[in-house]
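To keep things clear, I will list the structure first and then write my remarks on it.
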Amino acid sequence: METLHHESSRRSDTFFRTFWTCLRQSNGALPLLLVGSLLAFGIGCVVAIIPDILATRYAMFHGLNGDQSCDSYELKPLACVTGSEEAQSAAAFWNFVTKGLTFVCNPIMGSFSDHGRKPILISGLFLSCLSALSFLLLVMAPTLHPFCFNISNSLMGVVDMISIMFATLSDTIPTQFRAAGFGLLMSAFYGGFALAPSFTLFLNAQQLAVTSLGLISTSFLFALFSMPETVSEDVRRANEEQRLPLRFERSKWIESCCYSLRRPFREMSILRRSLSLQMVTIVSFLSAMVFASDATLVLYYAQERLNVHPHDFATMFLLLGVVGILVQAAFLPPLLQVMGEHALLVASCLCGTVHNLVRSFLLLSTITRQQVY
């Protein structure tokens, strides 16, 4: 028994040493982790105050007077309640727009990225800068309508940053280390989302918006000037030769546009090749749908019904990020070796089901108590 344990420990140590050596020697993996961390910090430092800013702004259009935000009221006026409900509806609608853009544009961007990851990565970071800039303008200009922020934030769906970063990382590390590399990249994101909301403890809304814009702009400039191209010249040449016959067939501009618009549905035809691929796609779709609704509405609901403040959100994101870092960076590689991909996927779905079930009961009990009192 001790021999088996010693052998397993030795293999794990060898795996980690080889993985870190490969990561250090790869072309672009460490810069990509830095870009991802800066982006996560930039987005995370304002995520806790966005519900209050938007709810207050919508409340102003319903008669809220003064400089106080809706978060400062213990007993919220009717304008704040109406503004919060309108902010929730707007968040749900614009989240749908964002995901729709991702669905349509992700295959197209994936095709373009086969000829170079860096331009797509820089484009996504530029759109993130636009979103951060629009939020700063929203905070500084009390009369600015949230529409400008909502539409600029939705444009981030044109380039799915997680997908392009995963593709970039896949170019730089061997296949056997990709799962661990993806986990490390996600832990960098979780680290940003864990620590950045704590900035609300000592910075006001305007300072947070400036910090967010500064961090995202830094990631954009770093990627622009320091991030290497990870697609090799041979791969780009092969991809170009593969697309060349299609270019001659699609000589007309309208036909080319229609071909691009139909691309997401053609890409989905790959699902017919394997039943397991269809099952994984269904699981991914349902998981993404639940995550999108949670990320969009839970913050607004907690602020309106539970009187939760940005400082409480900071604590929640800190706990969420710490757990995410531990799972992605420390637990994921050994769990993959012990359980395998299929069993780990089933366990993850089971944990998500239990989590949402418990939270649903808690929210239902909260609504019941509020109706009673």
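Residue numbers (the numbering used here): 2 to 374. Every residue, glycine too, gets a C-beta built ideally from N, C-alpha and C.
Here Leu156 carries a helix assignment [DSSP, helix/strand/coil]. Glu87: member of the alpha helix (DSSP H) spanning 79-114, first to last residue. Judged by DSSP in its simplified three-state form, His356 adopts helix.
For Leu327, the closest of Phe150, Gly215, Ala181 by C-alpha to C-alpha distance is Ala181. Relative to Ala315, the option among Pro52, Leu34, Trp21, Ala30 whose CA is nearest is Pro52. In terms of CA proximity to Gly184, Pro334 leads the group Gln338, Pro334, Val291, Val359.
In the three-state reduction of the DSSP assignment, Glu230 falls in the coil class, being assigned neither a helical nor a strand state. It is roughly 7 Å from the alpha-carbon of Ser199 to the alpha-carbon of His312. Cβ neighbours of Leu336 within its own chain (closer than 7 Å, five residues either side excluded): Leu345.
In this chain, the alpha helix (DSSP H) harbouring Asp172 covers 162-173. Apart from sequence neighbours up to five positions away, the residues of its chain that approach Gly45 with a beta-carbon distance below 6 Å are Gly193, Phe194, Ala197, Pro198, ordered along the chain. For Ala60, the enclosing alpha helix (DSSP H) covers residues 51-61.
Ranking Tyr191, Leu358, Leu225 by CA distance to the CA of Gly325 puts Tyr191 first. By the criterion of a C-beta distance shorter than 7 Å, Ser70 is surrounded in its chain by Asp53, Thr57, once the five residues flanking it on both sides are discounted.
When secondary structure is reduced to three states using DSSP, Thr144 falls in the coil class, being assigned neither helix nor strand. Minimum Cα-Cα distance from Ala93 among the listed residues Arg360, Leu320, Met290, Val339 corresponds to Met290. Inter-residue distance for Val140 and Leu300 is about 19 Å (C-alpha atoms, whole angstroms). For the set Glu230, Arg118, Tyr302, Leu351, the Cα lying nearest the Cα of Ile165 is the one of Arg118.
Here the C-alpha atom of Asp161 lies approximately 25 Å from the C-alpha atom of Asn357. Counting every other CB atom within 10 Å of its CB across the protein chains shown gives Trp95 a total of 16 or more, marking it as buried.
The C-beta separation of Ser288 from Gly341 comes to about 19 Å, leaving the pair out of contact by the 8 Å criterion. Restricting attention to Phe62, Val105, Ala80, Phe104, the CA atom closest to the CA of Phe148 is found in Phe62. Looking from the CA of Lys100, the closest CA among Lys77, Met157, Ile121, Leu33 belongs to Met157. In this structure, the beta-carbon distance from Ala142 to Ser213 does not fall below 8 Å. Leaving aside the five residues that flank Leu319 on each side, the residues in its chain whose CB is nearer than 8 Å to its CB run, in chain order, Ala195, Leu196, Pro198, Ser199. A buried status is given to Cys130, since no fewer than 16 other beta-carbon atoms sit within 10 Å of its beta-carbon.
By the Cβ-count criterion, Val48 is buried, with 16 or more other Cβ atoms from all chains shown falling within 10 Å of its own Cβ. DSSP places Cys46 inside the alpha helix (DSSP H), whose first and last residues are 30-48. Asp68 sits in coil when the DSSP states are folded into three classes, being neither helix nor strand. Here Gly125 is buried, its C-beta having at least 16 other C-beta atoms within 10 Å. Remark: C-beta atoms of Val159 and Cys81 do not approach each other more closely than 8 Å. In the three-state DSSP reduction, Leu327 falls in the helix class (H, G or I). Put simply, of Asn28, Gly37, Thr19 the residue whose alpha carbon is nearest the alpha carbon of Leu216 is Gly37. By the Cβ neighbour-count rule, Ala331 is exposed, with fewer than 16 other Cβ atoms within 10 Å of its own. For Gly117, the secondary structure class from DSSP, reduced to helix, strand or coil, is coil. In the structure shown, Phe190 adopts helical secondary structure according to DSSP, grouped into three states.
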